[in-house]
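Following: one structure in structure tokens, then a few remarks.
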Amino acid sequence: MSYVDGFIVAVPKKNIEAYRKMSTKCGKVWREYGALDYREWVADDVKPGKLTSFPRAVKMKPGETVVFSWITYKSRAQRDKINAKVMADPRLKNMMDAMDSKSAPFDGKRMIYGGFESLVKV
């Protein structure tokens, strides 16, 4: 069964193009090392909820939108090997180091992420 890393981030709308460029670069590196798929989706129909919601989860501020992403792998073991290579790759090292800096196109401190095992495939 496949394995997925999922991410949710708040991105200032004015930074969407910079985020797209960064994400495209990251996706190429992940795919090069063996990830099966790399997807990024920008919110189109995501409303704040009373208790929980995507906007609430990332503490979305005015002028921001939510981006929902995932990377698919063959297995958890493959994901761990790929991520170790990606994190050591010099093409992304500076980008990863800058995630929490003011130069990043989003606030990395509000990113939500985790790894998920497949449960249902129809």
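Each residue of the sequence shown is one higher than the one before, starting from 17 at the first, in the numbering used here.
Quick reminder that beta carbons are idealized off the backbone N, C-alpha and C, glycines included.
Check: How far does the beta strand (DSSP E) with Arg55 in it extend, from its first residue to its last?; Outcome: Asp53 to Val58
Check: Check whether the region 17-27 and the region 80-98 touch, using three or more Cβ-Cβ pairs below 8 angstroms as the test.; Outcome: yes
Check: Could you check the C-alpha separation between Ser39 and Ile32 for me, to the nearest Å?; Outcome: 10 angstroms
Check: DSSP three-state label for Tyr35, please.; Outcome: helix
Check: Run through DSSP, which three-state label would Ala26 get?; Outcome: strand
Check: Identify whether Gly124 lies in helix, strand or coil by the three-state DSSP scheme.; Outcome: helix
Check: My output table needs one value for Val138: the three-state DSSP class, helix, strand or coil.; Outcome: coil
Check: Can you tell me where the beta strand (DSSP E) with Val82 in it begins and where it stops?; Outcome: Glu80 to Tyr89
Check: In whole angstroms, give me the CA-to-CA distance for Ala51 and Val74.; Outcome: 26 angstroms
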